[in-house]
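K.L.:
1488 is the number of the first residue of the sequence shown in the numbering used here; add one for each residue after it. No residue lacks a Cβ here, since even glycine has one placed at the ideal position from N, Cα and C.
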Amino acid sequence: MNVSESGVAKRPRVSDQKGTKATTEYHTNVEFLHLLVRLKAQQLPLPDGKLFVAQRTDKVVDVWKGLVQRNFLSVPVLQKTGSKYYGFIDLADIVKYFVDHFGEQRLKDVGENFWELVDKEKEFQEKTVNDLMTYPLSKRNPFHPVPRGYSLFAAVELLARERGLHRVPIVDEDRKLVHLATQSQVVDFLSRNLESMGTIRNKPASFICHTHSVITIHENDTAINAFKLMIEKNIHAVAVVNDEGQLSGVISVRDLKAISSDARLFWRLYQTVQNFIQKLKNAHDDRPHRVISAKPDESYESIIKKLAEHKLHGLFVVNEEHKPVGAVALKDILLELITH
1488 MNVSESGVAK RPRVSDQKGT KATTEYHTNV EFLHLLVRLK AQQLPLPDGK
1538 LFVAQRTDKV VDVWKGLVQR NFLSVPVLQK TGSKYYGFID LADIVKYFVD
1588 HFGEQRLKDV GENFWELVDK EKEFQEKTVN DLMTYPLSKR NPFHPVPRGY
1638 SLFAAVELLA RERGLHRVPI VDEDRKLVHL ATQSQVVDFL SRNLESMGTI
1688 RNKPASFICH THSVITIHEN DTAINAFKLM IEKNIHAVAV VNDEGQLSGV
1738 ISVRDLKAIS SDARLFWRLY QTVQNFIQKL KNAHDDRPHR VISAKPDESY
1788 ESIIKKLAEH KLHGLFVVNE EHKPVGAVAL KDILLELITH
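#1: Buried or exposed: where does SER1683 fall if 16 or more other Cβ atoms within 10 Å of its Cβ makes it buried?
#2: DSSP state of LEU1523, grouped into three classes?
#3: What are the complete beta strand (DSSP E) segments, minimum 3 residues, inside the region 1632–1659?
#4: Taking LEU1716 and PRO1811 to be in contact with their CB atoms under 8 Å, please state how far apart those CB atoms are, rounded to whole angstroms.
#5: Of the choices GLN1612, LEU1523, LYS1768, MET1620, whose alpha-carbon is the least far from that of LEU1565?
#6: Please classify HIS1800 as buried or exposed, where buried requires at least 16 neighbouring CB atoms within 10 angstroms.
#7: With three or more C-beta pairs closer than 8 Å as the rule, is the region 1700–1708 touching the region 1716–1729?
#8: Please give the ranges of any alpha helix (DSSP H) in the region 1696–1731, keeping only runs that are unbroken, at least 4 residues long and fully inside the region.
#9: Counting only the same chain and skipping the five closest in sequence on each side, list residues whose C-beta sits under 8 Å from that of ARG1593.
#10: Let's test the definition: count the other Cβ atoms within 10 Å of the Cβ of LEU1821 and tell me whether it reaches 16, buried, or not, exposed.
#11: For PHE1714 and PHE1753, I'd like the C-alpha separation in whole angstroms.
#12: Using a Cβ-Cβ cutoff of less than 6 Å, which residues in the same chain neighbour ASP1819 once the five nearest sequence positions on both sides are dropped?
#13: In terms of DSSP beta bridges, what is HIS1666 paired with?
#14: Flag this pair as yes or no: are the beta carbons of ASN1558 and LYS1744 separated by less than 8 Å?
#15: Determine the direct distance from the alpha carbon of LEU1681 to that of ASN1689, and round the result to whole angstroms.
#16: Going by DSSP in three states, PHE1630 sits in which element: helix, strand or coil?
#17: Whole angstroms is fine: what's the gap from GLY1569's alpha carbon to ILE1576's?
#18: Ordered along the chain, which non-local residues of its own chain (more than five positions away) have a Cβ less than 8 Å from that of ILE1581?
#19: Measure the alpha-carbon distance for ARG1648 versus ASP1535 and round it to whole angstroms.
#20: Quick one: measure Cβ to Cβ for TYR1572 and PRO1632, integer angstroms, because I've assumed they're closer than 8 Å.
#21: Residues in its own chain within less than 6 Å of LEU1639 by CB, not counting five upstream and five downstream?
#22: Suppose you measure from the CA of PRO1783 to the CA of THR1686; what does that come to, to the nearest Å?
#23: My output table needs one value for PRO1499: the three-state DSSP class, helix, strand or coil.
#24: Where does TYR1573 fall in DSSP's three states?
#25: Given a threshold of 16 other Cβ atoms within 10 Å of its Cβ, counted over all protein chains shown, does ASN1712 qualify as buried or as exposed?
#26: Can you check whether the CB of LEU1664 is closer than 8 Å to the CB of VAL1655?
#27: Can you give me the start and stop residues for the beta strand (DSSP E) that LEU1560 sits inside?
#28: From the DSSP secondary-structure annotation, give me the bridge partner or partners of GLY1553.
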């Protein structure tokens, strides 16, 4: 696996008229913070107004088909007794499980006849969601529900501060799931309320991404190695670079939604990242047909608009040579918002 971890840009400083160095101040409007406190976490609208769930006793293959058919990346899992919230299972977790169980060579050889392989292994057919939801999966999908009636600020702070947390379940007093606050919902909320945020809107990307290193993979490496890297590093996207180290693409966990119920994805995973991404562009109109990135001097507001328009949860920051020098994740956006 040809993987590298590059350094990030340092925080720039702004010179005043006397030539001395001073850091520009950016602040979140107090009224906007009050809005986050007044609103309840469950007031963020659900996509299609529906909440889909799985049971711990559900078969893994059935949950996988359900995620693919509904174009979801993950689903909350409930206990069968009492329907209490238990955790989340991701499409990435299921794909990794398939690869680990069958082995790369068998999946490469089977091509599009995946279900013939499954039918030969009765034990595999009986595997349940609960069989997958053990450590380290529990570590990658942290358990952080918020009680019903808590503020949107509470959910935003969890998304900003908790590593590996990408959606916040909202539960009642019996721990029954009543709603979800997801990253996509929060991005949409921010994009609709940009005007009231304050001077934080003007903060450059280089001030936000300084804590990150950029994880890259060469465009001629395989897609399966890119996804393994995401799982290993607990990240949602990897920068794809060419021979000159320039950003030529982005491969993310959401690209696993290209999976089809007949499992054609598995043989595609062993193609090069470059070919994998190109086929996604050809097959899915909702995927950006160009690399979406940010410049170091690009504003906080501009980044939020890009995230909302292209339904992303982060951007890579590139320099004048179009080489990735940083990454701005939604967590960085949210942390800046509530701490400045």
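P.N.:
Once the coordinates are examined:
#1: By one-based count along the sequence shown, residue 1683 stands at place 196. Exposed: under 16 other Cβ atoms inside 10 Å.
#2: Sequence index remark: in the sequence shown, residue 1523 carries index 36 (1-based). Correct three-state label for LEU1523: helix.
#3: 1654–1658
#4: As a first step, residue 1716 is located in the sequence shown; it is residue number 229 there, counting from the start. As a first step, residue 1811 is located in the sequence shown; it is residue number 324 there, counting from the start. Rounded, the Cβ-Cβ distance is 15 Å, inconsistent with contact.
#5: Within the sequence shown, numbered from 1, the residue matching residue 1565 stands at position 78. It is MET1620.
#6: Within the sequence shown, residue 1800 is the residue found at index 313, counting from 1. So HIS1800 ends up on the buried side.
#7: yes
#8: 1710–1720
#9: Residue numbering aside, residue 1593 sits at position 106 when the sequence shown is read from its first letter. LEU1604.
#10: On the sequence shown, residue 1821 is found 334 positions in, with the first residue counted as 1. It counts as buried.
#11: Reading the sequence shown from its first residue, position 227 is the one you call residue 1714. Reading the sequence shown from its first residue, position 266 is the one you call residue 1753. In a straight line, the C-alpha of PHE1714 is about 12 Å away from that of PHE1753.
#12: Position 332 of the sequence shown, counted from the first residue, corresponds to residue 1819. Excluding positions up to five away in sequence, the list reads ILE1695.
#13: Your numbering for residue 1666 matches position 179 in the sequence shown. The partner list for HIS1666 (beta bridge, DSSP) reads ILE1657.
#14: To locate residue 1558, count along the sequence shown from 1; it is residue 71. To locate residue 1744, count along the sequence shown from 1; it is residue 257. Yes.
#15: On the sequence shown, residue 1689 is found 202 positions in, with the first residue counted as 1. On the sequence shown, residue 1681 is found 194 positions in, with the first residue counted as 1. If I take the Cα positions, the gap works out to 11 Å.
#16: For the purposes of this step, residue 1630 is taken as residue 143 along the sequence shown, with counting starting at 1. In this structure, PHE1630 counts as coil in the three-state DSSP scheme.
#17: Locating residue 1569 in the sequence shown gives position 82, counting from the first residue. Locating residue 1576 in the sequence shown gives position 89, counting from the first residue. When rounded, the distance between both Cα atoms is 19 Å.
#18: Position 94 of the sequence shown, counted from the first residue, corresponds to residue 1581. Result list for ILE1581: VAL1547, VAL1550, TRP1551, LEU1554, LEU1619, in chain order.
#19: As a first step, residue 1648 is located in the sequence shown; it is residue number 161 there, counting from the start. As a first step, residue 1535 is located in the sequence shown; it is residue number 48 there, counting from the start. Using only the alpha carbons, I get a separation of about 28 Å.
#20: Residue 1572 sits at position 85 when you count from the first residue of the sequence shown. Residue 1632 sits at position 145 when you count from the first residue of the sequence shown. The C-beta distance from TYR1572 to PRO1632 rounds to 6 Å, short enough to meet the 8 Å contact threshold.
#21: Along the sequence shown, one-based indexing puts residue 1639 at 152. The residues are LEU1523, LEU1526, ALA1528.
#22: Within the sequence shown, residue 1783 is the residue found at index 296, counting from 1. Within the sequence shown, residue 1686 is the residue found at index 199, counting from 1. For PRO1783 and THR1686, the distance between alpha carbons rounds to 17 Å.
#23: Stepping through the sequence shown from its first residue, residue 1499 is reached at position 12. Confidence at PRO1499 is low in this model, with a pLDDT of 38, below 50, so its placement is unreliable and the value that follows should be read with caution. DSSP places PRO1499 in coil when its eight states are reduced to three.
#24: What you label residue 1573 is simply residue 86 of the sequence shown in a count that begins at 1. TYR1573: strand per DSSP, three-state reduction.
#25: Reading the sequence shown from its first residue, position 225 is the one you call residue 1712. ASN1712 counts as buried, since at least 16 other C-beta atoms from the protein chains shown sit within 10 angstroms of its C-beta.
#26: As a position in the sequence shown, residue 1655 is number 168, starting the count at 1. As a position in the sequence shown, residue 1664 is number 177, starting the count at 1. No. Outside cutoff.
#27: The residue labelled residue 1560 in the question sits at position 73 within the sequence shown. No beta strand (DSSP E) holds LEU1560; DSSP gives it neither H nor E.
#28: Within the sequence shown, residue 1553 is the residue found at index 66, counting from 1. For GLY1553, which the question treats as bridged, DSSP gives no partner whatsoever.
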